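Peer 1: Chains as they are written, first to last, in numbering that gives the first Met the number 0: chain D, 0 to 253; chain A, 0 to 187. In this text, a Cβ means the ideal position worked out from N, Cα and C, and glycines have one as well. Given the structure is predicted, the values throughout are model-derived calculations rather than measurements. One structure, as structure tokens, below. Some questions next.
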Amino acid sequence: MKQISFKLQIFEGPLDLLLHLINKNKVSIYDIPISEITEQYIDYIAEMKHFDIEVSSEFLVLAAHLLYIKSKMLLPKYGDAPEDEDDPRTELTQRLVEYKKFKKAAQFFCEREFAGSRTFYKMREYIEPVLIDESLSNITIGHLVSAIYDISERIKYRRPVNAERFKGIVGREVVSVFSKLKNVLKKLKTLKKINFIDIFRNVKTKTEAVASFLAVLELIKMNAVKVSQNNGETQLKYIKKRKGGSGIFGNTKD
Amino acid sequence: MEIQKIEGIIEAVLFAAGDAVSVDKLCEITRIDRPTLLSIITRLSDSYSYNKRGIKIVKVGDKYQMATRGEFFEYVQKIAEPIKRNPLSRATLEVLAVIAYKQPVTRATIERIRGVNSDNSVSRLLELGLIEETGRLDAPGRPVLFGTTDEFLRCFAIDSISDLPPIDEFVIDEIIDTSSEGAQQTIE
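Right, dumping it as structure tokens:
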């Protein structure tokens, strides 16, 4: 077969190139002269390299496959296997036929590519949700009149609520810091020295505890007690007043 | 219901929706069986064409949509921003052809048929909205399946995928052609 000369065309892939070679040589896709086609195929790849075109791996894979088919066909056949059977080209032929169909189909799409472009379509329209309001559909003025009558009837029988009834729920216990202070001071006067913890011994509620604590702070401020801490124990010590005792509560309030 | 009233309903619904409305939905709205509805739509669409109205009713797969008539393109385009899209490359058209005929189809199948990696073309088609992911194949790796979109049908002015010419039609004459030539060659 004579040397084929072609301008270096860019192909979409190895199958595209193979189809081109088959067409060029005017051979049947169903009876590919593997030897010649393989040679031209490999020549083309060499040419691609010559032109510095990147040869993608897919081209090389097919080249290897073509060489494989070629070598398989050179090997003598054993047994009485009929010639048609087991033709190593069959699979390649099927692939080429299938690819050719889609290549032609691509042409069909190419011709129609802008077929719809002269027509304008609308985008999906945003449709305001339709509100079906039935809440006022059966209302008459009579309904309103009877409603206001009902309300005025109910008001007649309403009594003011007794505040005493809520005391247990929202009431606030009042504990005076002053009374606590007096208690602590009384104890100190008799015992002279007490443990800080002991002040809270008979305390029952949170408010009481807070009041007791504030009382202690108040006593410290008044210089009535001295606080000392050792080994984690806090002690309050009574300080005797030089002046008369009555003035010490002067600026203390609840 | 009178036919005229049904025509009016279809007209109103298609106008309000803008986008394509499925035949099922139209049946549900008009409470009419499918064959009757289809014949009424055809009648309506024909009357639009006959009277050369500016609007036509287009079939998009199993849906219908209103669109402007191609003849008025020059006029309508005056209100539109001109955007020029380059024609699709040969490779991309090949990928589109494979997807159109083989859908739903995975990247691997596209690649097997074309014998070459097709990722770029697939991305381009996704970008243009001509194809979309339609699901995943129940196979190892759960590969994505691709199919064509309504936009594809509109762009190529194809009523529905089933209206595409059968894929085998594209090569029949070719096969006879080359095989006869091939036969001569072998005789030589």
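Which of the residues in the region 114–144 of chain A, read from start to end, lie with their CB under 8 Å from any CB of chain D?
Peer 2: Listed by position along the chain: G114, V115 and N116.
Peer 1: Going by DSSP, name the residue or residues bridged to G134 of chain A.
Peer 2: According to DSSP, G134 of chain A bridges with A:L144.
Peer 1: Which residue spans inside the region 47–135 of chain A form an unbroken beta strand (DSSP E) run of at least 3?
Peer 2: The qualifying runs are 54–59, 62–67 and 130–135.
Peer 1: With DSSP run on the structure shown, which of helix, strand or coil describes L235 of chain D?
Peer 2: Residue state, collapsed to three classes: strand.
Peer 1: Inspect the beta-carbon positions of S21 of chain A and K62 of chain A and report whether they are closer than 8 Å.
Peer 2: For S21 of chain A and K62 of chain A, yes; Cβs fall inside 8 Å.
Peer 1: Under 8 Å, Cβ to Cβ, is there at least one residue of chain D near G53 of chain A?
Peer 2: Closer than 8 Å: no.
Peer 1: Using CA coordinates, which residue listed in D:S56, D:M47 and D:Y40 is at the minimum distance from L66 of chain D?
Peer 2: The residue with the shortest Cα to Cα distance from L66 of chain D is D:Y40.
Peer 1: What residues in the region 147–159 of chain A have a beta carbon less than 7 Å from any beta carbon of chain D?
Peer 2: Those residues of the region 147–159 of chain A that come within reach of chain D (Cβ to Cβ, closer than 7 Å) are R153, C154, F155 and A156.
Peer 1: Do T148 of chain A and I130 of chain A have their C-beta atoms closer together than 8 Å?
Peer 2: Against a cut-off of 8 Å, the Cβ pair of I130 of chain A and T148 of chain A comes out as a contact.
Peer 1: Grouping DSSP H, G and I as helix and E and B as strand, with all else coil, what is V22 of chain A?
Peer 2: Helix.
Peer 1: Secondary structure at V226 of chain D, three-state DSSP: helix, strand or coil?
Peer 2: Note: V226 of chain D maps to strand in three-state DSSP.
Peer 1: Output, in chain order, the set of chain D residues within a Cβ distance shorter than 9 Å of Q64 of chain A.
Peer 2: Residues of chain D passing the Cβ test: Y120 and K121.
Peer 1: Spatial neighbours of K71 of chain D within its chain, please: C-beta separation below 7 Å, excluding the five flanking residues on both sides.
Peer 2: If we look at K71 of chain D and ignore the five residues flanking it on each side, its Cβ neighbours are P87.
Peer 1: Can you tell me which residues form a DSSP beta bridge with N194 of chain D?
Peer 2: Answer is D:Q234, bridged to N194 of chain D.
Peer 1: Taking buried to mean at least 16 other C-beta atoms within 10 Å of its own C-beta, is L59 of chain D buried or exposed?
Peer 2: Answer is exposed; the Cβ neighbour count stays below 16.
Peer 1: Would you please state the rounded distance, in angstroms, between the beta carbons of L144 of chain A and G134 of chain A? I believe it to be under 8 Å.
Peer 2: With 8 Å as the limit, L144 of chain A and G134 of chain A qualify as a contact, their Cβ atoms being about 5 Å apart.
Peer 1: Under a CB-based cut-off of 8 Å, is E170 of chain A close to chain D?
Peer 2: Strictly speaking, residue 170 of chain A in this sequence is Val, with Glu absent from that position. Yes - at least one Cβ of chain D is within 8 Å of the one on V170 of chain A.
Peer 1: Nearest to K69 of chain D by alpha carbon, out of D:G115, D:A223 and D:T37?
Peer 2: Among D:G115, D:A223 and D:T37, the Cα nearest to that of K69 of chain D is on D:T37.
Peer 1: Just mark G60 of chain A as buried or exposed, buried being the case when its beta carbon has 16 or more other beta carbons within 10 Å.
Peer 2: It is buried - the Cβ of G60 of chain A has at least 16 other Cβ atoms within 10 Å.
Peer 1: Any chance the region 222–239 of chain D sits against the region 185–198 of chain D, with 3 or more Cβ pairs inside 8 Å?
Peer 2: Enough Cβ pairs lie closer than 8 Å, so yes.
Peer 1: Report, in whole angstroms, the separation of the C-beta atoms of L25 of chain A and Q64 of chain A, which I expect to be a contact under 8 Å.
Peer 2: With a Cβ gap of about 11 Å, L25 of chain A and Q64 of chain A do not count as contacting.
Peer 1: What residues from the region 83–96 of chain D come within 8 Å of chain A, judged by C-beta to C-beta, listed N to C?
Peer 2: Answer in chain order: R94 and V96.
Peer 1: Give me, in chain order, the residues of the same chain whose beta-carbon lies closer than 8 Å to that of I44 of chain D; leave out the 5 immediate sequence neighbours on both sides.
Peer 2: Same-chain partners within the cutoff: V54, F58, L59 and A62.
Peer 1: If you draw a straight line from the C-alpha of P75 of chain D to the C-alpha of S34 of chain D, how long is it?
Peer 2: So the alpha carbons of these two residues sit roughly 16 Å apart.
Peer 1: Could you confirm whether any beta carbon from chain D is found closer than 8 Å to the beta carbon of V188 of chain A?
Peer 2: Residue 188 of chain A falls outside the range modelled here, since chain A spans only 0 to 187, and no answer is possible.
Peer 1: Between the region 69–88 of chain A and the region 24–38 of chain A, do three or more beta carbon pairs fall short of 8 Å?
Peer 2: Not touching, per the Cβ criterion.
Peer 1: Could you please give me the residues that DSSP links to Y156 of chain D through a beta bridge?
Peer 2: According to DSSP, Y156 of chain D bridges with nothing at all.
Peer 1: How would you list, in chain order, the residues of chain A whose beta-carbon sits under 8 Å from the beta-carbon of F101 of chain D?
Peer 2: Those are E93, A96, V97, Y100, I112, R113 and I166, listed as they occur along chain A.
Peer 1: Whose C-alpha, out of A:D45, A:P34 and A:L163, is nearest the C-alpha of A254 of chain D?
Peer 2: Any question about residue 254 of chain D goes unanswered here, given that chain D covers just 0 to 253.
Peer 1: Would you list, in chain order, the members of the region 6–18 of chain D that have their beta-carbon closer than 7 Å to a beta-carbon of chain A?
Peer 2: Against chain A - using a Cβ distance shorter than 7 Å - the residues of the region 6–18 of chain D are E11, G12, P13 and L14.
Peer 1: Could you tell me whether the region 139–155 of chain D touches the region 32–50 of chain A, using the rule of 3 or more Cβ pairs below 8 Å?
Peer 2: No: fewer than three Cβ pairs fall under 8 Å.
Peer 1: By alpha-carbon positions, which one of A:I54, A:I160, A:E10 and A:E93 ends up nearest to E303 of chain D?
Peer 2: Since the first residue of chain D shown is 0 and the last is 253, residue 303 of chain D is not available in this structure.
Peer 1: Can you check which of these residues, A:A107, A:P86, A:K51 and A:E6, is closest to G140 of chain A by C-alpha distance?
Peer 2: Ranking the options by Cα distance to G140 of chain A, first place goes to A:A107.
Peer 1: Where do the N-terminal and C-terminal ends of the alpha helix (DSSP H) with D42 of chain D fall, by residue?
Peer 2: Note, D42 of chain D: alpha helix (DSSP H), I33 to H49.
Peer 1: For F108 of chain D, count the other beta carbons within 10 Å of its own beta carbon; 16 or more makes it buried, fewer makes it exposed. Which is it?
Peer 2: Classification for F108 of chain D: buried.
Peer 1: Within 8 Å (strictly less), CB to CB, does E1 of chain A reach chain D?
Peer 2: Output row for E1 of chain A: interface = no.
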